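Novice: If you scroll down you'll find the structure; I have some questions about it.
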Amino acid sequence: MLEQNFEFEENNRIWMEFVEHEIEEWDKKYKREIERIKWTKNDRKKYSEKLNGNISPEDISPYKYQRVKTIEMIEKKKKYILNFEECIKKPFSEITFDDYNHFLNMNKNKLGTKKKVGTFLYKCISIGSFKNNDKNFLVLLLPNEYGEFVKKNFM
0 MLEQNFEFEE
10 NNRIWMEFVE
20 HEIEEWDKKY
30 KREIERIKWT
40 KNDRKKYSEK
50 LNGNISPEDI
60 SPYKYQRVKT
70 IEMIEKKKKY
80 ILNFEECIKK
90 PFSEITFDDY
100 NHFLNMNKNK
110 LGTKKKVGTF
120 LYKCISIGSF
130 KNNDKNFLVL
140 LLPNEYGEFV
150 KKNFM
């Protein structure tokens with residue numbers, strides 16, 4: 000499968016920071032627990048085959064296997080973020096309320112798409128991958144009850 004990249008280099012950088020952050024968070028949460036698991040020779044062979052032999056049976060471990068599966072799961076989100084970029088046609092740091100609202104309206108019936116993109120943007124802003132000054136856009140990323148609170152009390 001050919002790797003797709005973002006049209007804007009800034010968005011590519013933001014995506015890479017997001018992936019690194021998600022892997023670091025996963026490591027903090029699960030690494031110790033998974034490293035305690037011991038596999039037999041047959042287990043190593045079976046799980047190596049599940050990864051199409053990308054990690055040899057001698058080198059595979061429960062941690063390495065789960066890490067690869069986690070990275071694959073994160074990478075599946077990329078198509079949604081690429082579609083979002085294609086919709087807004089600008090770097091993520093320049094997103095406005097109108098851009099994001101347009102995207103949400105285009106994807107009215109696609110709750111999974113909206114949730115994946117919203118979570119991605121929220122996390123990227125939270126970890127400092129990019130900054131955005133459009134307060135209305137930022138409020139739109141907040142869960143409804145927080146967004147209403149901010150609107151009522153600060154805007």
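One point on numbering: in numbering that gives the first Met the number 0, the residue at position 18 of the sequence shown is 17, and numbering is uninterrupted.
From the three backbone atoms N, C-alpha and C, an ideal C-beta is built for every residue, glycine too.
Predicted, not measured: the structure shown is a model, and the values here were computed from it.
(1) If you measure from the CB of L141, is any heavy atom of the ligand FAD nearer than 8 Å?
(2) Any beta-carbon of chain B closer than 9 Å to the one on K122?
(3) Excluding the five sequence neighbours on either side, which residues of its own chain have a C-beta within less than 7 Å of the C-beta of E17, listed in chain order?
(4) Under the three-state reduction of DSSP, which class applies to G117: helix, strand or coil?
(5) Skipping 5 residues on each side, what residues in its chain have a beta carbon closer than 6 Å to that of C86?
(6) If I'm right that P176 touches N11 with Cβ under 8 Å, what's the distance once you round it to whole angstroms?
(7) Just checking, does the segment 130-140 make contact with the segment 19-27 on the three C-beta pairs under 8 Å criterion?
(8) Which first and last residues belong to the alpha helix (DSSP H) in which F17 is found?
(9) Between the C-alpha atoms of F136 and F7, what's the straight-line distance to the nearest angstrom?
(10) Beta-carbon within less than 6 Å of V116's beta-carbon, same chain only, minus the 5 sequence neighbours each way: which residues are those?
(11) Under 8 Å Cβ to Cβ from S55, same chain only, skipping five residues before and after it: list those, please.
Specialist: Here's the rundown:
(1) Because no ligand of any kind appears in the structure shown, any question about the ligand FAD cannot be addressed here.
(2) Included in the structure is just one protein chain, with no chain B present.
(3) Sequence check: residue 17 is Phe here, not Glu. The beta carbon of F17 lies closer than 7 Å to those of F119, K122, C123 and S128 in the same chain, with the five residues before and after it left out.
(4) Helix, per DSSP.
(5) The residues F102, in chain order, have a CB closer than 6 Å to that of C86 in the same chain once the five nearest residues on each side in sequence are set aside.
(6) One cannot answer for residue 176 here, as it falls past the ends of the chain, which runs 0 to 154.
(7) The segment 130-140, when compared against the segment 19-27, does not touch it at the 8 Å Cβ threshold.
(8) Unbroken alpha helix (DSSP H) run through F17: E8 to E34.
(9) The alpha-carbon atoms of F136 and F7 are separated by roughly 20 Å.
(10) Result list for V116: Y79 and F83, in chain order.
(11) Once the five neighbours on either side are set aside, the close Cβ partners of S55 are S47.
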